[in-house]
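Q: In terms of our numbering, the sequence shown opens at residue 2 and continues consecutively. Cβ coordinates follow ideal geometry from the N, Cα and C atoms, glycine included.
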Amino acid sequence: MYNKTTGYKIFNGFNHLFLIVMSLICILPLLHVLAVSFSGKSAATANIVNLWPVDFTIESYKQTIDNPAFIRALFYSIYRTVLGTAIGMAVIIFAGYALSKRYTEFKSRNVYMWFFVFTMLFSGGLVPGYILITNLHLINTIWALVLPSALSVYNMILLMNFFRTIPAELEEAALIDGAGLFRILFSIHLPVSLPALATITLFTVVGHWNSWFDGLIYMMDTKKYPLATFLQTVVVQQDFSKMSINPEDMANLSQRTVKAAQIFIGALPVLIIYPFLQKYFVKGIVLGAVKE
């Protein structure tokens with residue numbers, strides 16, 4: 002009966018209105034960027050494009066695809082995302098699995114947990130991190146982009162709590178049948194944790210794909226810039242000289258349309274992946290939801 006009260010209806014209506022407004026705030030800028038990318042030079046330069054292309058053209062996308070610097074950055078970003086996600090998920094799974102054990106099974110669990118939480122709250126900072134990467138001779142290599150962010154403590158805690166919700170009877174039955182810890186992890190924990198794994202994988206993929214600052218400080222060679230760093234250089238710093246963009250090709254195009262096309266192509270992989278993993282979010286994020 003509570004859902005028929007006036008207070009509940011007002012609260013429900015406010016929730017719907019709030020979510021609609023938040024959705025528009027997220028969607029409208031993307032639609033504007035898409036409309037600008039398909040608009041002609043004069044309309045884009047005059048800033049008269051809103052949510053629909055003016056003087057429709059696809060020249061900006063041709064220019065973007067023909068730009069070797071953009072394609073190189075795109076493939077380097079894919080390489081970084083695949084490698085970083087594989088390493089990150091392996092570290093998160095093993096750390097979360099070990100820390101999900103009870104104190105009687107893993108007596109040093111609290112010490113490791115305190116260490117991980119401390120590093121999450123108090124990071125070393127930019128300068129110590131740069132000195133460390135330099136002394137490890139990782140500057141200007143792909144490892145400088147994937148190793149420092151290999152373990153996300155937040156994602157590890159998320160997966161650890163999901164592992165703890167798995168009934169202990171499953172593991173006890175496997176132990177009786179002679180299974181070891183690795184067999185229990187790969188045959189029991191991972192198959193029943195698919196929602197959590199899908200959610201954390203998406204978090205990791207988006208984190209690597211959108212990360213630009215580490216590429217800016219650790220990559221001395223602009224040819225090794227990941228896509229997010231490339232776009233930051235072009236869009237924010239307005240630096241076209243280092244990005245191999247031919248000024249003659251830009252004569253017939255607006256810089257705004259080319260930048261909009263690059264931004265949309267850069268966001269496209271995440272937009273494609275998200276709908277396939279979105280269904281797992283509700284089940285995947287269960288931090289603290291189940292108590293015994």
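1) Applying the 10 Å Cβ sphere with the 16-neighbour rule, what's the burial state of Thr234?
2) Taking Arg165 as the reference, give the member of Gly208, Thr120, Ala99 and Trp210 with the closest Cα.
3) Answer yes or no: do Leu31 and Ala268 have a C-beta to C-beta separation smaller than 9 Å?
4) Excluding the 5 residues preceding and the 5 following Leu84 in the sequence, name in chain order all residues of the same chain whose CB lies nearer than 8 Å to its CB.
5) Please report the residue range of the alpha helix (DSSP H) in which Asn51 lies.
6) If we ignore side chains and look at the alpha-carbon of each, how far apart do Gly125 and Asn68 end up?
7) Which value, in whole angstroms, describes the spacing of the CA atoms of Phe214 and Val236?
8) Please state if the CB of Thr58 and the CB of His209 are separated by a distance shorter than 9 Å.
9) So which of Glu106, Phe39 and Tyr77 has the shortest CA-CA distance to Lys224?
10) Considering only C-alpha positions, which residue in the set Ile264, Gly14 and Ser109 is nearest to Ile66?
11) Pick helix, strand or coil for Met121, following the three-state DSSP scheme.
12) In this structure, does DSSP put Thr58 in helix, strand or coil?
13) Under the three-state reduction of DSSP, which class applies to Asn211: helix, strand or coil?
14) Tell me which same chain residues have a C-beta within less than 7 Å of the C-beta of Ile185, skipping the five on either side of it?
15) Going by DSSP in three states, His138 sits in which element: helix, strand or coil?
16) Please go through the same chain and pick out, in chain order, the residues whose beta-carbon is closer than 6 Å to the beta-carbon of Tyr62, but skip the five residues on each side of it.
17) If you draw a straight line from the C-alpha of Val55 to the C-alpha of Ala36, how long is it?
18) Is the number of C-beta pairs between the stretch 195-202 and the stretch 87-101 that are closer than 8 Å three or more?
19) Reducing DSSP to helix, strand and coil, say where Ala199 ends up.
20) At 4 residues or longer, and completely inside the stretch 3-51: list those alpha helix (DSSP H) runs for me, N to C.
21) May I ask which residues mark the beginning and end of the alpha helix (DSSP H) holding Gly85?
22) Does DSSP put Tyr155 in a helix, in a strand, or in coil?
23) Is DSSP giving Pro149 helix, strand or coil here?
24) In the DSSP assignment, find the alpha helix (DSSP H) that holds Gln256 and state where it starts and stops.
25) Is Gly14 buried or exposed, if buried means 16 or more other CB atoms sit within 10 Å of its CB?
A: Walking through what the data contain:
1) Sequence index remark: in the sequence shown, residue 234 carries index 233 (1-based). That one is buried.
2) For the purposes of this step, residue 165 is taken as residue 164 along the sequence shown, with counting starting at 1. The shortest Cα separation from Arg165 among Gly208, Thr120, Ala99 and Trp210 belongs to Ala99.
3) Here residue 31 is taken as the residue at index 30 of the sequence shown, counted from 1. Here residue 268 is taken as the residue at index 267 of the sequence shown, counted from 1. Taking 9 Å as the Cβ cut-off, Leu31 and Ala268 qualify as a contacting pair.
4) For the purposes of this step, residue 84 is identified with residue 83 of the sequence shown, where counting begins at 1. Excluding residues within five positions, the ones whose Cβ falls inside 8 Å are Ile143 and Val147.
5) Position 50 of the sequence shown holds residue 51. For Asn51, there is no enclosing alpha helix (DSSP H), as DSSP gives it neither H nor E.
6) The residue labelled residue 125 in the question sits at position 124 within the sequence shown. The residue labelled residue 68 in the question sits at position 67 within the sequence shown. For Gly125 and Asn68, the distance between alpha carbons rounds to 38 Å.
7) On the sequence shown, residue 214 is found 213 positions in, with the first residue counted as 1. On the sequence shown, residue 236 is found 235 positions in, with the first residue counted as 1. Roughly 14 Å between the two C-alpha positions.
8) Within the sequence shown, residue 209 is the residue found at index 208, counting from 1. Within the sequence shown, residue 58 is the residue found at index 57, counting from 1. Going by C-beta atoms, His209 is not nearer than 9 Å to Thr58.
9) Counting from 1 along the sequence shown, the entry for residue 224 is found at position 223. Checking every option, the nearest Cα to that of Lys224 belongs to Tyr77.
10) Counting from 1 along the sequence shown, the entry for residue 66 is found at position 65. It is Ile264 whose Cα lies nearest to the Cα of Ile66.
11) Position 120 of the sequence shown, counting from 1, holds the residue named residue 121. In the structure shown, the three-state DSSP call for Met121 is helix.
12) Along the sequence shown, read from residue 1 onward, the residue named residue 58 stands at position 57. For Thr58, the secondary structure class from DSSP, reduced to helix, strand or coil, is coil.
13) For this step, residue 211 is matched to residue 210 along the sequence shown. Here Asn211 sits in helix by DSSP.
14) Along the sequence shown, one-based indexing puts residue 185 at 184. Excluding sequence neighbours, Ile185 sits near Glu172 and Ala175.
15) To locate residue 138, count along the sequence shown from 1; it is residue 137. In the structure shown, His138 sits in coil (DSSP, three-state: anything other than H, G, I, E or B).
16) One-based indexing of the sequence shown puts residue 62 at position 61. Counting only Cβ-Cβ distances below 6 Å, and skipping sequence neighbours, we find Ala262.
17) As a position in the sequence shown, residue 55 is number 54, starting the count at 1. As a position in the sequence shown, residue 36 is number 35, starting the count at 1. Put simply, the backbone Cα of Val55 is about 8 Å away from that of Ala36.
18) Between the stretch 195-202 and the stretch 87-101, the count of C-beta pairs closer than 8 Å reaches three or more; the two stretches touch.
19) Along the sequence shown, read from residue 1 onward, the residue named residue 199 stands at position 198. Assigned with DSSP and collapsed to three states, Ala199 falls in helix.
20) Runs of the alpha helix (DSSP H) inside the stretch 3-51: 7-38 and 42-46.
21) Working through the sequence shown from its first residue, we reach residue 85 at position 84. Taken as a continuous stretch (DSSP letters only), the alpha helix (DSSP H) holding Gly85 covers Pro69 to Leu100.
22) Walking along the sequence shown from the start, residue 155 turns up at place 154. Three-state result, Tyr155: helix.
23) Locating residue 149 in the sequence shown gives position 148, counting from the first residue. In the three-state reduction of the DSSP assignment, Pro149 falls in the coil class, being assigned neither a helical nor a strand state.
24) Here residue 256 refers to the residue found at position 255 when the sequence shown is read from its first residue. Counting along the chain, Gln256 sits inside the alpha helix (DSSP H) bounded by residues Gln256 to Leu278.
25) Walking along the sequence shown from the start, residue 14 turns up at place 13. Counting of Cβ neighbours within 10 angstroms places Gly14 among the exposed residues, the total staying below 16.
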